[in-house]
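Just so we're on the same page, our numbering is the position in the sequence shown counted from 1, plus 5. One structure below.
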Amino acid sequence: MAARKTTVRAPKPLVAGNWKMNGLRGAKKEINALAKKLSKLDRLPCDVLICPPTPTIALLVETAKGSKVRIGGQDCHTQVSGAHTGDVSAEMLKDVGAKYVIVGHSERRADHGETNALVAQKAAAGHRAGLISIVCVGETEAERDAGKTLSVITAQLKGSLGDDFDPKNTVIAYEPVWAIGTGRTPTTAEVGQVHTHIRKRLVARFGEQGNGYRVLYGGSVKPTNAEELMAAPNVNGALVGGASLTAADFYGIISAYL
Ligand code: PGA
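See below:
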């Protein structure tokens, strides 16, 4: 029997907002405003996600119901349940209507000492619960200055992804640590270089399927630079912190795809 050819389509971009530790219940007005703006579009050429702090997830899932906005978590524990004070499981996020979970954000790697191995386990926990896991990687300024960017990314990808991951359940986010919240970004050429490197590593590991992964850029994405950054090769969307907090700014970034 002839082998069936598997063709991998170019991935649909994802524009994801990471609210970090910002936003009380009143922030639902931003979700409403965003949903309203998106409802005016016939066709949305990208997926749209907001990851609020855990206490507001359930409320914002209700707020976003029937709209094009998806809601996700910012972190999860590796276990389903148990004696882990202060932690939240992927199943709990799924239970309240989250669709995605961010894992291995550099702030968690730095603040909570998260290793690549732990990040891989958290991403797998997301999959177990039926969530799409957004796995973050990125070099520090010292690593970039030392010319180690690509080797750092290679090691993070190797350790933070499991062999059974696939483009349907996993998104990669490249976020240079020095660009997060600083207003500084790599040039489009530098972004393209790292994203193309990530693509090659994904194809080397997952074969043709590696082309199906969405690889987001994150770090000081704003309405004013989104179009340029999103045009870099192998960039399939953005992970946005500060500029995701208001519907106006976030829509300005989504507009890069309109
Ligand atoms: P920033 O954050 O857009 O505020 O730089 C990005 C992130 O940390 O995801």
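Beta carbons are placed, not taken as given, at the ideal position from N, Cα and C, and that holds for glycine. Note that the structure is predicted; figures quoted are calculated from it, not measured.
Asked                                                                                                                   : Found
Neighbourhood of HIS202 by C-beta distance below 6 Å, restricted to the same chain and skipping five residues each side : LEU155
ARG189 burial status per 10 Å Cβ neighbour count (16 or more: buried)                                                   : exposed
Endpoints, the beta strand (DSSP E) within which LEU244 is located                                                      : 242 to 245
Cβ neighbours of GLY257 in the same chain (closer than 6 Å, five flanking residues each side left out)                  : PRO228
Residues that LEU54 bridges to, as DSSP identifies them                                                                 : ALA21 and ARG75
Inter-stretch contact at 8 Å, needing at least 3 Cβ pairs: the segment 85 to 104 / the segment 159 to 174               : no
Boundaries (first-last residue) of the alpha helix (DSSP H) holding ALA2                                                : The requested residue 2 does not occur in the structure, where the chain is confined to residues 6 to 263.
For ILE158, the three-state DSSP class (helix, strand or coil)                                                          : helix
Residue closest to VAL20, alpha-carbon to alpha-carbon, out of ALA115, GLY28, GLU67 and CYS56                           : CYS56
beta-carbon SER138 near the ligand GTP non-hydrogen atom, thresh 6 Å                                                    : Because the ligand GTP does not appear in the structure shown, any question about it cannot be addressed here, the ligands present being the ligand PGA.
Whole-number beta carbon distance between ALA103 and GLY78, since they are thought to touch under 8 Å                   : 5 Å
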